[in-house]
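Mapped onto our numbering, the consecutive letters of the sequence shown carry residue numbers 2 to 315. Glycine residues also receive a C-beta, built at the ideal position from the N, C-alpha and C atoms.
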Amino acid sequence: MNLEEVHIPVLLKEVLKYLNLKQGNIIFDGTLGGAGHTVEIIKAIAPTGRVIGVDLHSQTISTAATKLKKYSENVILLNDNFANIKGILKKINIDSIDGLLLDLGLSSFMIDKSERGFSYLKDEKLDMRFGNDINLSAFDVVNDYPQEKLIEIFRKYGEERWSGPIAENIVKYRESGDIRSTKELVEIIKNSIPLKFKYRRKGHPAKRIFQAIRMEVNRELDNLRKAIDDGFEVLKSGGRMAIISYHSLEDRIVKSKFLQYEGKCICPPDFPVCRCGRNERARIITRKAIKPDPEEISRNPRSRSARLRVLEKL
Ligand SMILES: C[S@@+](CC[C@H](N)C(=O)[O-])C[C@H]1O[C@@H](n2cnc3c(N)ncnc32)[C@H](O)[C@@H]1O
Numbered sequence: 002m003n004l005e006e007v008h009i010p011v012l013l014k015e016v017l018k019y020l021n022l023k024q025g026n027i028i029f030d031g032t033l034g035g036a037g038h039t040v041e042i043i044k045a046i047a048p049t050g051r052v053i054g055v056d057l058h059s060q061t062i063s064t065a066a067t068k069l070k071k072y073s074e075n076v077i078l079l080n081d082n083f084a085n086i087k088g089i090l091k092k093i094n095i096d097s098i099d100g101l102l103l104d105l106g107l108s109s110f111m112i113d114k115s116e117r118g119f120s121y122l123k124d125e126k127l128d129m130r131f132g133n134d135i136n137l138s139a140f141d142v143v144n145d146y147p148q149e150k151l152i153e154i155f156r157k158y159g160e161e162r163w164s165g166p167i168a169e170n171i172v173k174y175r176e177s178g179d180i181r182s183t184k185e186l187v188e189i190i191k192n193s194i195p196l197k198f199k200y201r202r203k204g205h206p207a208k209r210i211f212q213a214i215r216m217e218v219n220r221e222l223d224n225l226r227k228a229i230d231d232g233f234e235v236l237k238s239g240g241r242m243a244i245i246s247y248h249s250l251e252d253r254i255v256k257s258k259f260l261q262y263e264g265k266c267i268c269p270p271d272f273p274v275c276r277c278g279r280n281e282r283a284r285i286i287t288r289k290a291i292k293p294d295p296e297e298i299s300r301n302p303r304s305r306s307a308r309l310r311v312l313e314k315l
């Protein structure tokens, strides 16, 4: 099975349009995944343009390299963290970029093939690390975090109503031994949700907790903040940053960072001169986040929660 068969790029048309691509552009795709966006970006910037394709998951990089073989002149692939954008560019002697794309989260390939315990529908080892050099795993979170800290991450990243009972049962279960597999964790979660709510809620009962643990293990929100800040620094004037998020906390970070860079004066209208000291450095291209249309959602249900925001540096 190749990556193309399993991962359908989300909001592809919109990403291509809003990145405002031109021949010769240098584009940083920090979430290469199945290379679905990358391939189409290359077509728009060829023959002289280049995509720097980055992914934390090494198997994803090697599979994408096969798919991108015929575009080898136009792509540089690197197994790294997008938050390290400045270091990556330095390593390959590139000072600035014309565009940056982040399509956050997981690819279908990682859910189906990585064997890292991302899916609550499989029985795999508790891991959930995007990359090998991340030193915290889902096993550590589930087996070592104190109850209060579990509750905090389940509430914050999973918005899970039953965070308290789930954390309590995890801690109880640990008394008789480690929780090693996704199946064990799913059982604990299911047994912590009162019967009458278990089957009434939308989605799988373990969905929110798995999401919360994954976000904690991979420090997803910290990486996003750093990539926006450092990415903005290396973006050329007129260059664009496009970010697709799938979680309300991520979308909130993108929105507030973009407003910060837009830097519109927030002084009361009756102030004769500006006192807030804000500095206009960017233009928000998508005042409202762009969502997939019903046709895309029916073709690719995974796109349902996607939100695209785009910023242009002045
Ligand atoms: C939703 S997929 C991207 C799919 C891709 N746009 C496509 O159309 O095929 C997200 C990818 O980002 C990678 N990823 C997540 N966090 C990362 C990070 N901090 N640095 C680099 N890659 C990351 C994941 O390993 C995954 O392959």
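Q) For Val76, which beta-bridge partners are listed by DSSP? A) In the DSSP output, where bridge partners are listed per residue, Val76 has Val52.
(Q) By the three-class DSSP mapping on this structure, what secondary structure does Leu101 have? (A) Three-state DSSP puts Leu101 in a strand.
Q: Compute every distance between the C-beta of Phe131 and the non-hydrogen atoms of ligand 1, then say whether any falls below 7 Å.
A: Yes.
Q | The alpha helix (DSSP H) enclosing Arg1, as first and last residue numbers | A | With the chain running from 2 to 315 in the structure shown, residue 1 is simply not present.
Q: Measure the CB-CB distance between Glu263 and Glu281 and report whether it falls below 8 Å.
A: Cβ distance < 8 Å, so Glu263 and Glu281 count as in contact.
Q) Which residue's Cα is closest to the Cα of Ser59: Arg51, Ile43, Phe198 and Asn82? A) Measuring from the Cα of Ser59, the nearest candidate turns out to be Asn82.
Q. On the three-state DSSP scale, how would you describe His8?
A. Coil, per DSSP.
Q | Top-ranked residue by Cα proximity to Ile43, from Gly88, Asp113 and Gly100 | A | With distances taken between Cα atoms, Ile43 lies closest to Gly100.
Q: Taking 8 Å as the threshold, find out whether the segment 67 to 74 comes into contact with the segment 87 to 94 through three or more Cβ pairs.
A: Contact fails between the segment 67 to 74 and the segment 87 to 94, because fewer than three Cβ pairs, one in each stretch, are under 8 Å apart.
Q | Residue environment, Lys173, which counts as buried when at least 16 other CB atoms sit within 10 Å | A | Classification for Lys173: exposed.
Q: Identify whether Arg303 lies in helix, strand or coil by the three-state DSSP scheme.
A: DSSP, read as helix, strand or coil, puts Arg303 in helix.
Q) Less than 7 Å between the CB of Ala36 and some heavy atom of ligand 3, yes or no? A) For the structure depicted, ligand 3 is absent and the ligand set comprises only ligand 1.
Q: Compute the beta-carbon to beta-carbon distance between Ile28 and Ile98, rounded to the nearest angstrom, for a pair I have assumed lies under 8 Å.
A: The pair is a contact, with the Cβ atoms about 7 Å apart (cut-off 8 Å).
Q: Check the DSSP bridge columns for Val311 and list the partner residues they point to.
A: Partner(s): Ala243.
**Q.** Straight-line Cα distance separating Glu74 from Val52
**A.** Distance from the CA of Val52 to the CA of Glu74, rounded to the nearest whole angstrom, comes to 10 Å.
Q) Does the separation of the CB atoms of Asp124 and Ala139 fall below 8 Å? A) No, the Cβ-Cβ distance between Asp124 and Ala139 is not below 8 Å.
Q) Helix, strand or coil for Asp124 per DSSP? A) If DSSP states are grouped into helix, strand and coil, Asp124 belongs with coil.
Q: To the nearest angstrom, report how far apart Ser120 and Lys208 are at their CA atoms.
A: Annotation: Ser120 to Lys208 spans about 9 Å, alpha carbon to alpha carbon.
Q: Between the Cα of Tyr247 and those of Arg181, Arg162, Pro302 and Ile267, spot the shortest distance and give me the residue it belongs to.
A: Nearest of Arg181, Arg162, Pro302 and Ile267 to Tyr247, Cα basis: Pro302.
**Q.** Span of the alpha helix (DSSP H), counted from its first residue to its last, around Phe259
**A.** First-last of the alpha helix (DSSP H) with Phe259: Ser249 to Glu263.
Q) How about Leu12 and Pro293: do their beta carbons lie closer than 8 Å? A) Cβ distance < 8 Å, so Leu12 and Pro293 count as in contact.
Q | Secondary structure of Arg226, DSSP reduced to three states | A | Correct three-state label for Arg226: helix.
Q. Are the C-beta of Phe29 and some C-beta of chain D separated by less than 8 Å?
A. Here there is only one protein chain, and chain D is not present.
**Q.** N-terminal and C-terminal residue of the beta strand (DSSP E) that Ala36 is part of
**A.** First-last for Ala36: undefined, no H or E at that position.
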